[in-house]
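*Asks:* Residue numbers (my numbering): 4 to 382.
If you scroll down you'll find the structure; I have some questions about it.
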Amino acid sequence: MTYIPFNKPYMTGKELWYISKAHHAGQLAGDGSYTKKCHQWIEAKTGTWKALLTQSCTAALEMAAILADLDPGDEVIMPSYTFVSTANAFVLRGAIPVFIDIRPDTLNLDETLVEAAVTERTRAIVPVHYAGVSCEMDTLQKMAHNYQLLLIEDAAQGVMSTYKGKPLGSIGDLGCFSFHETKNVISGEGGALLIHTPQFAERAEIIREKGTNRSQFFRGQVDKYTWIDQGSSYLPGEIIAAFLYAQLEEAEQITATRMQIWQHYHQLLEPLEQAGKLRRPIIPPYCQHNAHMYYILLQNLSTRTQLISYLQQKGIYAVFHYVPLHNSAAGQRYGRTHGNMNNTITVSECLLRLPLFPELELIQVEQVVRAIQDFFNET
Ligand SMILES: *Cc1c(COP(=O)(O)O)cnc(C)c1O
């Protein structure tokens, strides 16, 4: 029988070599030479003012929430169709996530709904670039400007994607990357905060280093190192940075390989879309995505449930996500919903993610698509 997992973390081959070099250099704590190389790589690649590695995208979002200087009861507009960390980071500061619906095409937050959700207490908008396909950043930037809101990109899935030529994560005031093993460029757990607004740069370093001015001390800018602000330990060790640097060096190649797989799915699934059995992803022409995800939208929940078990019987592992945050226990306790959530609910019931990882062979893509075709022929 075939066995096709949903994901298999990719190794470029240089990770262990770089880890041993980090060990040999004698620094295993954070902010050593590999961390610096990663910062420089992200800054050069995205054009952001400053990049800081974090232990996860969750940690980067938490740092962004601290930088936003929120008071309890302040509001942050975001989609409900996202991972929990998008909301949790702000809830930890006592802020209220205000959930709005998503667009039916890209499944990103519907920018036309933002304005009506703005109140006196709104402080930030948090677009999530779903599947590495950009939100409508021009409109969101205008909105943020008009209402003096921070624009914080959850670009966890958006590493190597662009919007009108601009790298995701570097468009808003702050951007958050994930290098979790389920993402494209990985370090097991890992992330980065991208700071596009220079005014945040100094404080971000302090928050990341337990509220101390340690980074300035090491640069010789201050003569003692002490506690000066709120903070926590958000920086990864050098082993993680060494692993990540090996991946960043291959980021173009990883993206190109994933794109081939993505395109193969996209072509082979076209007839099923034409037959009305499913809908394929829609990519606006000015969005260059990173092939983070190949998903299909089925007609309803029961078709999806049946298809998942049909594929599983054939050894193919396809998965769905998210339970909409506005319907979750914590979302109801800590958040608020603005407007109807029709698209969010439909997508959460109908979306199915197909296996996609660099080592997936094109012939395996064909097996997956054939299994989906057989499913529709048999039911
Ligand atoms: C993966 C993901 C996160 C969390 O990333 P971690 O690095 O695991 O903390 C946050 N938001 C979105 C949209 C994600 O896909």
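Even for Gly, the Cβ is constructed at its ideal location relative to N, Cα and C.
Write down the C-beta distance between T61 and S83 rounded to the nearest angstrom, noting that I regard them as a contact closer than 8 Å.
*Replies:* Wrong, their Cβ atoms sit about 18 Å apart, outside the cutoff.
*Asks:* Cβ-heavy atom distance between E156 and ligand 1 below 8 Å?
*Replies:* Not so, every heavy atom of ligand 1 lies at least 8 Å from the Cβ.
*Asks:* Kindly list the residues whose CB is nearer than 7 Å to the CB of P12, restricted to its own chain and excluding five residues on each side of it in sequence; keep chain order.
*Replies:* Closer than 7 Å at Cβ, skipping near neighbours: E184, I189.
*Asks:* Have a look at G29 and Q202 and give me their C-alpha separation to the nearest angstrom.
*Replies:* 33 Å
*Asks:* Terminal residues of the continuous beta strand (DSSP E) containing I299?
*Replies:* For I299, the uninterrupted beta strand (DSSP E) run begins and ends at 297-300, by DSSP.
*Asks:* Does T142 come out as helix, strand or coil in the three-state DSSP assignment?
*Replies:* helix
*Asks:* Going by the C-beta, is Y166 closer than 8 Å to any heavy atom of ligand 1?
*Replies:* no
*Asks:* What would DSSP say about S164, mapped onto helix, strand or coil?
*Replies:* coil
*Asks:* In angstroms with no decimal places, state the Cα-to-Cα distance between N330 and T308.
*Replies:* Straight-line Cα distance between these residues: approximately 20 Å.
*Asks:* For the beta strand (DSSP E) that contains I99, what are its first and last residues?
*Replies:* 99-103
*Asks:* Can you give me the C-alpha to C-alpha distance between G161 and P107, rounded to a whole angstrom?
*Replies:* 19 Å
*Asks:* What first and last residue would you give for the beta strand (DSSP E) that runs through A54?
*Replies:* 53-57
*Asks:* What is the rounded straight-line gap between the Cα of E139 and the Cα of A127?
*Replies:* Answer to the nearest angstrom: the Cα atoms are 16 Å apart.
*Asks:* Kindly examine ligand 1 and report whether one of its heavy atoms sits closer than 8 Å to the Cβ of G178.
*Replies:* no
*Asks:* Where does the unbroken alpha helix (DSSP H) through R261 begin, and where does it stop?
*Replies:* Counted as a single uninterrupted DSSP element, the alpha helix (DSSP H) harbouring R261 occupies residues 254-271.
*Asks:* Work out the CA separation of E364 and H430 for me, nearest whole Å.
*Replies:* There is simply no residue 430 to check, as the chain begins at 4 and stops at 382 in what is shown.
*Asks:* Using only CA atoms, which one of T57, L56, R96 lies nearest to D74?
*Replies:* R96
*Asks:* Is it buried or exposed, M81, if we count other Cβ atoms within 10 angstroms and call 16 or more buried?
*Replies:* buried
*Asks:* According to DSSP, what are the bridge partners of M81?
*Replies:* Answer is F102.
*Asks:* Is Q250 near ligand 2, judged by its Cβ being under 8 Å from some heavy atom?
*Replies:* No copy of ligand 2 appears in this structure; the ligands present are ligand 1.
*Asks:* What residues match up with D157 in a beta bridge as DSSP calls it?
*Replies:* V131, C179
*Asks:* Would you mind working out which of A68, E192, E273, A332 sits nearest Q376, comparing C-alpha positions?
*Replies:* E273
*Asks:* Check this for me: beta carbons of A1 and G342, under 9 Å apart or not?
*Replies:* Outside the modelled stretch of the chain, which goes from 4 to 382, sits residue 1, for which no answer is possible.
*Asks:* What is the C-beta distance between G172 and T49, in whole angstroms, given that I count them as a contact (C-beta under 8 Å)?
*Replies:* Indeed, because the Cβ distance is near 6 Å, the residues count as touching under 8 Å.
*Asks:* Go ahead and label Y289 buried or exposed: buried means 16 or more other beta carbons lie within 10 angstroms of its beta carbon, across all protein chains shown.
*Replies:* exposed
*Asks:* Is it the case that the region 195-210 contacts the region 41-55, given that we only count it when at least three CB pairs across the two stretches are under 8 Å?
*Replies:* yes
*Asks:* Counting pairs of Cβ atoms below 8 Å between the region 205-212 and the region 229-249, do you hit three or more?
*Replies:* The region 205-212 makes contact with the region 229-249; the number of CB pairs closer than 8 Å reaches 3 or more.
*Asks:* Go through the region 336-362 residue by residue and report every complete run of the beta strand (DSSP E) that reaches 3 residues or more, in order.
*Replies:* 354-357
*Asks:* Please classify E362 as buried or exposed, where buried requires at least 16 other C-beta atoms within 10 Å of its C-beta.
*Replies:* exposed
*Asks:* Using only the heavy atoms of ligand 1, determine whether one of them is closer than 8 Å to the beta carbon of T229.
*Replies:* no
*Asks:* Go ahead and label K186 buried or exposed: buried means 16 or more other beta carbons lie within 10 angstroms of its beta carbon, across all protein chains shown.
*Replies:* buried
*Asks:* Assign P239 to one of three DSSP states: helix, strand, or coil.
*Replies:* Note: P239 maps to coil in three-state DSSP.
*Asks:* So which residues put a beta carbon under 6 Å from any heavy atom of ligand 1, going in chain order?
*Replies:* This selection yields S59, C60, T61, T85, F86, S88, T89, V131, D157, A159, Q160, S181, H183, G194.
*Asks:* Taking the C-alpha atoms as reference points, what is the distance between L251 and Q43?
*Replies:* 11 Å
*Asks:* Could you say if the region 110-117 and the region 138-153 meet the contact criterion of at least three C-beta pairs nearer than 8 Å?
*Replies:* The region 110-117, when compared against the region 138-153, does touch it at the 8 Å Cβ threshold.
*Asks:* Among all the DSSP beta bridges, which residues are the ones paired with L196?
*Replies:* L55, C179
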